[in-house]
Amino acid sequence: MIRLPSRTEWTDEEDRLGFFGPDSVTWRVHADPSFSVGGLRALLLQALHPVAMDGVAQNSVGFTQEPWPRLIRTATYVDTLTFGTRTEAVRAVARVRGIHRRLGGTEETTGRSYRVDDPDLLLWVHCCEVDSLLSVARRAGVPLTDDDADRYVAEQVTAAALVGVDPADVPGSTADLAAYFDRMQPELAATPAARDAHRLVVLPPMPTWVRYLTPAQPAWGGLASLAVALLPVWARRMYSLPGLGLTDAAATPALRTFRQTLLLLPRRAQRSPIVWAGFDRVGAERLSA
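When you line the sequence shown up against our numbering, it's residues 9 to 297, in that order.
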């Protein structure tokens with residue numbers, strides 16, 4: 009397991025800027041309102057790895073009844089890792105590592121015994137997140153060149169190393185990332201646990217008053233529909249779902265409309281306070297939309 013860096017390894021200025029900083033492509037991608045759709049796509053993609061999905065199903069107590077706390081914790085972790093100081097980021101990673109090292113199990117369909125922090129499982133989760141956040145941002149209209157996309161994948165090697173993956177094993181370009189998914193496809197399957205996770209993302213449990221007296225259900229349904237439609241074709245085939253009525257061609261304009269609508273809202277409604285605290289801390293203006 010790769011060791012965590014120490015506070016003595018960086019200057020105060022490096023600490024203030026965090027591991028990525030306002031000049032990174034990572035900040036451009038993760039600050040964008042399309043982040044929410046990319047995060048859901050990542051969860052759906054991650055669920056297709058039988059062992060990684062079993063780790064969630066067996067060790068996330070209450071996830072199937074009340075998924076919101078876990079989804080919020082995951083988003084908070086990524087925001088802190090991206091926009092927090094280096095000290096804050098390492099503290100968040102240490103908490104996650106401490107939880108992971110205690111968890112494991114045996115996945116029924118493969119018979120594999122595992123620990124949640126097995127490097128190949130951490131790498132799968134990482135690659136699904138990177139691929140999803142990048143591909144959704146580009147289709148949403150975030151201005152990213154091919155060089156920017158490669159920079160983003162390379163920058164994210166740092167995130168994988170922090171959680172415990174050997175940097176030498178982590179894709180460092182979009183071509184490397186595509187090759188990784190090509191290699192992984194034979195190992196993937198829509199297990200019963202994956203299908204349960206899919207249903208949970210698409211139709212999460214909500215209190216009756218929220219479901220019928222607020223716009224939460226249709227709003228979430230729109231997000232979930234986009235996330236499903238934006239999955240790779242091979243992943244949608246595994247789930248045997250076309251995308252909740254949205255074709256691949258229709259998903260891009262729908263996603264761009266969603267993003268432009270959110271960009272009109274006050275910034276606190278677009279992303280979490282952690283994101284904007286990072287901007288304020290380094291004195292950065294809002295990044296180009």
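All C-beta atoms in this analysis are idealised placements derived from N, C-alpha and C, irrespective of residue type, glycine included.
No experiment lies behind these values; they were computed from the predicted model shown.
Should residue i go down as buried or exposed, given a rule of 16 or more other Cβ atoms within 10 Å for buried?
i: Glu22; result: exposed
i: Asp288; result: exposed
i: Gln268; result: exposed
i: Val33; result: buried
i: Arg279; result: buried
i: Ser14; result: exposed
i: Gly291; result: exposed
i: Pro299; result: Lying before the first or after the last residue shown, residue 299 is absent from the chain, which here runs from 9 to 297.
i: Ser44; result: buried
i: Ser143; result: buried
i: Ser42; result: buried
i: Thr88; result: buried
i: Gly106; result: exposed
Residue i lies in the alpha helix (DSSP H); which residues open and close that run?
i: Ser121; result: Here Ser121 belongs to no alpha helix (DSSP H); instead the beta strand (DSSP E) covers Ser121 to Arg123.
i: Asp177; result: First-last for Asp177: undefined, no H or E at that position.
i: Ala50; result: Phe43 to Gln54
i: Val171; result: Val165 to Val171
i: Trp18; result: Neither: Trp18 is in no alpha helix (DSSP H) and is coded neither H nor E.
i: Val59; result: Pro58 to Asn67
i: Gly149; result: Here Gly149 belongs to no alpha helix (DSSP H), and DSSP marks it neither H nor E.
i: Ala97; result: Arg94 to His108
i: Asp40; result: Unbroken run through Asp40: none, as it is neither H nor E.
i: Thr182; result: Thr182 to Met192
i: Arg245; result: Val241 to Tyr247
i: Arg276; result: Arg275 to Gln278
When DSSP labels each residue in this structure, what does residue i get in the three-state scheme?
i: Thr114; result: strand
i: Thr269; result: helix
i: Phe27; result: coil
i: Arg289; result: helix
i: Ala83; result: helix
i: Ile10; result: coil
i: Leu196; result: coil
i: Asp126; result: coil
i: Leu252; result: Caution applies to Leu252, whose pLDDT of 49 falls short of 50 and renders its modelled position unreliable; the model cannot decide the point.
i: Ser32; result: coil
i: Leu141; result: helix
i: Leu234; result: helix
Compare the C-alpha of residue i against each of the options and name the closest.
i: Ala168; options: Gln66, Ser140, Phe266 and Leu130; result: Leu130
i: Asp31; options: Ala285, Glu195, Arg159 and Tyr122; result: Arg159
i: Gly26; options: Asp125, Val209 and Ala100; result: Ala100
i: Pro175; options: Ala205, Pro151 and Pro127; result: Pro127
i: Glu163; options: Val59, Gly180, His38 and Leu52; result: Gly180
i: Thr93; options: Val124, Thr19, Leu141 and Val59; result: Thr19
i: Ala197; options: Trp242, Gly286 and Glu17; result: Trp242
i: Val209; options: Gly106, Pro261 and Leu231; result: Leu231
i: Arg147; options: Asp40, Ala277, Phe28 and Ile10; result: Asp40
i: Gly63; options: Thr153, Arg120, Ala50 and Met246; result: Arg120
i: Val150; options: Thr265, Glu17 and Gly29; result: Thr265
i: Val124; options: His108, Ala258 and Ala257; result: His108
Pull up the CB-CB distance for residue i and residue j, whole angstroms please, since I reckon it's below 8 Å.
i: Val98; j: Leu12; result: 6 Å
i: Thr347; j: Trp35; result: The displayed coordinates of the chain run from 9 to 297. Any statement about residue 347 would go beyond what the structure contains.
i: Val37; j: Ala145; result: 5 Å
i: Ala157; j: Thr182; result: 5 Å
i: Val138; j: Ala60; result: That belief does not hold up - the Cβ atoms of Val138 and Ala60 are roughly 15 Å apart, past 8 Å.
i: Ser140; j: Arg49; result: 4 Å
i: Val185; j: Cys135; result: First, the residue type needs correcting, since residue 185 is Leu and not Val in the sequence shown. Yes, they are in contact, since the Cβ atoms of Leu185 and Cys135 sit about 6 Å apart, within 8 Å.
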